[in-house]
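For the sequence shown, full-length UniProt numbering gives the first residue as 1, with consecutive numbering after it.
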Amino acid sequence: MDSYISFKDRFFVGQSVKDIIKGYFTEYETPKLVVIHNAKYAILLRIIQIIILAYSVIYLLIYEKGYQKLSTTVASSVTLKVKGIGYAYTSENKMIIIDGADYIIPPSENNAIFIMTNFIQTDQIRSTCVENIKLKEARCKHDKDCFNKPFTPNMNGRWTGRCLLSPEANIVNGTTDNTKTPTGLCEYAGWCPSEDDLSWTMLVQEVLNFTIFIKNFIEFPIFHVKHKNMVDNLKQCIFHPKTNKDCPIFTIDHIINEAEKNITERDLMLRSGGVIRVKLDWDCNLDRDLKLCKPKYSFARLDVPFNENPFSIGFNFRYATYWKQNQKDFRTLTKAFGLRLIITISGKAGKFDFITLTLNIGSLVGIFGLATFLCDIALLHLSKKASIYRDRVFEIVHLRTRAISAIALPRTFVQNYDAEDANSESHSETELSYKTPETTPVPPGKTVTIGPVSFINPIPSLC
């Protein structure tokens, strides 16, 4: 019994697959227009159509400029110039004047600039001397403590293997003690004396009043358009977000205030350095006067804030200047802290293009058909008379054509079906005329059997 049920299930599955395959090649679907007189659904359809029309025209075509060909490919060049005179005080309380050649390091970079706001200077000579007193590994009592020591990044040179002791004083803590074994420091060969980066720093004054001139040239290659961020009659000015938005000259005070709102963080950035992104964003409508195309400036801080206690704070680096005197090598080692400004350029341009407009209108027409689709869902699935509407919309039409002559059907079925069709009132309106196999002339040498084919016609247009 179980084997019989299993065989029967397999038979029905195979028959269903066969019917699907046969229907795929023998059934044709075509839309049917049905007019339904219902004020509620007609009003719903018009409301949806008006909403879609307003969205398409106002937002997509006008606001988003759907009639323009857009390009985000922009070639640009940036030149930066900083002006301002600063000063700093040395550890001896002497004032030194600092100008652009001193605080712009290096003199030129690609799309970036560094402005030194604080620094430490150490005058050195190539020689041998004691290690930095703050380096714990350099403390010693005998020469063997300084011999064959592994190199560490904190070392200031190559250790000679000597421990420099003072018979009268303790070098480490600076006290005099003749009763105990003195503690000294290892000797190294290199640049002497060693740098103490925690000693007196020279903060550059008047940095916030320095000005930076951002000169930007751009080109949109697709449209062969070149432009710049400077007006034709540019005069000496300072950028202001309300009264002077076209001026490309900014103060360091304005830039750092826009990039960092916390006053404590701003002070620490001047002492320990920081990284700021300066962005110029172009949005050009080439259907208007090119002079109306102006960039928008924005500033953001890129380094980690100090209150998050990062592993490496701020931004700094070292550089040196060298000279010789009496066959001896000298240098001034400078550890510079400051603001590094990175310039980024982005932009897009649009211009009227008939092909783009045509494609977008075609897309909007497709979106407009969404109103009918939504109305069909409400009508066929949500309304109380959904079953009645479905019976009117989906109709089965039986046709007899020679294209399906290869489908064999029982002769008695064909005769009975002919009799039913003869009594149908809608036979002349919904079905094609045909002749039964008994009266249809058959070409000699061929046997033709004509059978019915079912057509299921889903109609998308309802309202």
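We treat Cβ as the ideally placed atom computed from N, Cα and C, and that holds for glycine. Here the structure is a predicted model, which means the values were calculated and not measured.
Top-ranked residue by Cα proximity to glycine 314, from Ser16, Asn111, Arg340 and Thr30: The count along the sequence shown starts at 1 and reaches residue 314 at position 314. The residue with the shortest Cα to Cα distance from glycine 314 is Arg340.
Of the residues Leu33, Gly14 and Phe368, the one placed nearest isoleucine 51, counting alpha carbons only: Stepping through the sequence shown from its first residue, residue 51 is reached at position 51. Closest option to isoleucine 51, Cα to Cα, is Phe368.
Whether threonine 332 touches glutamine 121 by CB criterion (8 Å): The sequence position of residue 332 within the sequence shown is 332, counting from 1. The sequence position of residue 121 within the sequence shown is 121, counting from 1. Yes.
Euclidean distance between Cα positions of isoleucine 171 and serine 346: The residue you call residue 171 lines up with position 171 of the sequence shown. The residue you call residue 346 lines up with position 346 of the sequence shown. Residue placement at isoleucine 171 cannot be trusted, given a pLDDT of 48 that sits under 50; what the coordinates show is reported in the next sentence. Each residue's alpha carbon lies about 59 Å from the other.
Every unbroken alpha helix (DSSP H) inside the stretch 252 to 323 [4 residues or more]: 252 to 259 and 263 to 272
Residues of its chain near alanine 406, where Cβ-Cβ distance is below 6 Å and the 5 sequence neighbours each way are ignored: Counting from 1 along the sequence shown, the entry for residue 406 is found at position 406. With a pLDDT of only 46 at alanine 406, under 50, the local geometry of the prediction cannot be trusted, and the value read off the model is given with reservation. No residues qualify anywhere along the chain.
Host beta strand (DSSP E) of glycine 347 (start-end): As a working note, residue 347 is residue 347 in the sequence shown. Taken as a continuous stretch (DSSP letters only), the beta strand (DSSP E) holding glycine 347 covers 328 to 352.
Per-residue burial, serine 108 [other beta carbons within 10 Å of its own, 16 or more giving buried]: Here residue 108 refers to the residue found at position 108 of the sequence shown. Exposed is the call here.
Presumed contact (8 Å Cβ cut-off) between leucine 290 and lysine 351, rounded CB distance: For the purposes of this step, residue 290 is taken as residue 290 along the sequence shown, with counting starting at 1. For the purposes of this step, residue 351 is taken as residue 351 along the sequence shown, with counting starting at 1. Not confirmed; about 11 Å, so no contact.
Buried versus exposed call for threonine 264 [16 or more other C-beta atoms within 10 Å across all chains shown]: Residue 264 sits at position 264 when you count from the first residue of the sequence shown. The residue is exposed, with fewer than 16 neighbouring Cβ atoms inside 10 Å.
Alpha helix (DSSP H) segment containing cysteine 375, residue limits: To locate residue 375, count along the sequence shown from 1; it is residue 375. 370 to 377 is the extent of the alpha helix (DSSP H) around cysteine 375.
Alanine 112 versus asparagine 326: straight-line alpha-carbon distance, rounded: Within the sequence shown, numbered from 1, the residue matching residue 112 stands at position 112. Within the sequence shown, numbered from 1, the residue matching residue 326 stands at position 326. Distance between the alpha carbons of alanine 112 and asparagine 326: 40 Å.
Beta-carbon proximity of isoleucine 212 to leucine 302, cut-off 8 Å: Locating residue 212 in the sequence shown gives position 212, counting from the first residue. Locating residue 302 in the sequence shown gives position 302, counting from the first residue. Leucine 302 sits away from isoleucine 212, with the two beta carbons spaced by 8 Å or more.
Contact between the stretch 201 to 208 and the stretch 89 to 106 (3+ Cβ pairs under 8 Å): yes
Element boundaries [beta strand (DSSP E), containing valine 78]: As a first step, residue 78 is located in the sequence shown; it is residue number 78 there, counting from the start. 75 to 83 is the span of the beta strand (DSSP E), which, as asked, contains valine 78.
Residue from Gly23, Met269, Ile276 and Lys384 whose Cα sits closest to the Cα of lysine 40: Residue numbering aside, residue 40 sits at position 40 when the sequence shown is read from its first letter. Checked all of Gly23, Met269, Ile276 and Lys384; the closest Cα to lysine 40 is Lys384.
Collapsed DSSP secondary structure at histidine 240 in the structure displayed: In the sequence shown, residue 240 corresponds to position 240, counting from 1. DSSP places histidine 240 in strand when its eight states are reduced to three.
Close-in-space but distant-in-sequence residues of the same chain around arginine 162 (CB under 8 Å, 5 per side omitted): For the purposes of this step, residue 162 is identified with residue 162 of the sequence shown, where counting begins at 1. Shown here for arginine 162: same chain residues with a beta carbon closer than 8 Å to its own, the five before and five after excluded, namely Asp143, Cys146, Cys186 and Glu187 in chain order.
8 Å contact criterion, which asparagine 229 and asparagine 216 should meet: CB distance rounded: Locating residue 229 in the sequence shown gives position 229, counting from the first residue. Locating residue 216 in the sequence shown gives position 216, counting from the first residue. 4 Å between Cβ atoms; contact.
DSSP state of aspartate 123 mapped onto helix, strand, coil: Locating residue 123 in the sequence shown gives position 123, where the first residue counts as 1. It is a strand residue.
Where residue 464 sits in the DSSP three-state scheme: No statement about residue 464 is possible, as the shown extent of the chain runs from 1 to 463 and does not include it.
Beta-carbon proximity of serine 71 to lysine 348, cut-off 8 Å: Here residue 71 is taken as the residue at index 71 of the sequence shown, counted from 1. Here residue 348 is taken as the residue at index 348 of the sequence shown, counted from 1. Yes, they are a contact pair.
Per-residue burial, leucine 198 [other beta carbons within 10 Å of its own, 16 or more giving buried]: Counting from one through the sequence shown, the residue named residue 198 turns up at place 198. By the neighbour-count rule (16 or more Cβ atoms within 10 Å), leucine 198 is not buried but exposed.
Neighbourhood of lysine 65 by C-beta distance below 7 Å, restricted to the same chain and skipping five residues each side: The residue labelled residue 65 in the question sits at position 65 within the sequence shown. Answer for lysine 65: Gly350, listed in chain order.
N-terminal and C-terminal residue of the alpha helix (DSSP H) that serine 387 is part of: In the sequence shown, the residue the question calls residue 387 occupies position 387. Its alpha helix (DSSP H) spans residues 386 to 393.
Cβ neighbours of arginine 271 in the same chain (closer than 6 Å, five flanking residues each side left out): For the purposes of this step, residue 271 is taken as residue 271 along the sequence shown, with counting starting at 1. The answer, listed in chain order, is Asn118.
Buried versus exposed, by CB contacts within 10 Å (16 or more), methionine 116: Here residue 116 refers to the residue found at position 116 of the sequence shown. A residue is called buried when at least 16 other Cβ atoms come within 10 angstroms of its Cβ; methionine 116 meets this threshold and is buried.
Cutoff 7 Å; reference serine 194; Cβ partners in own chain excluding five residues on either side: Within the sequence shown, the letter at position 194 stands for residue 194. If we look at serine 194 and ignore the five residues flanking it on each side, its Cβ neighbours are Glu131, Asn132 and Asn156.
Own chain, CB closer than 6 Å to lysine 226, minus 5 neighbours either side, in chain order: As a working note, residue 226 is residue 226 in the sequence shown. Closer than 6 Å at Cβ, skipping near neighbours: Glu219.
The ligand HEM heavy atom lying under 7 Å from the CB of isoleucine 43: No copy of the ligand HEM occurs in the structure displayed, which carries no ligand at all.
Own chain, CB closer than 6 Å to aspartate 19, minus 5 neighbours either side, in chain order: For this step, residue 19 is matched to residue 19 along the sequence shown. Closer than 6 Å at the Cβ level, and outside the excluded window around aspartate 19, lies no residue.
Three-way DSSP call (helix, strand, coil) for cysteine 247 in this model: Position 247 of the sequence shown, counted from the start, is the residue given in the question as residue 247. Coil, per DSSP.
Complete runs of the alpha helix (DSSP H) confined to the stretch 2 to 67 [at least 4 residues]: 2 to 26 and 39 to 54
Backbone CA spacing between valine 17 and glycine 23 [nearest angstrom]: In the sequence shown, counting from the first residue as 1, residue 17 sits at position 17. In the sequence shown, counting from the first residue as 1, residue 23 sits at position 23. Spanning the two alpha carbons is a distance of roughly 10 Å.
Enclosing beta strand (DSSP E) for alanine 101 [first to last residue]: Counted from its first residue, the sequence shown places residue 101 at position 101. Premise fails: alanine 101 lies in the alpha helix (DSSP H), 100 to 103, not in any beta strand (DSSP E).
Own chain partners of residue 465 with C-beta closer than 6 Å, once the 5 adjacent residues on each side are dropped: An answer regarding residue 465 cannot be provided, because it is not within the stretch 1 to 463 covered by the chain.
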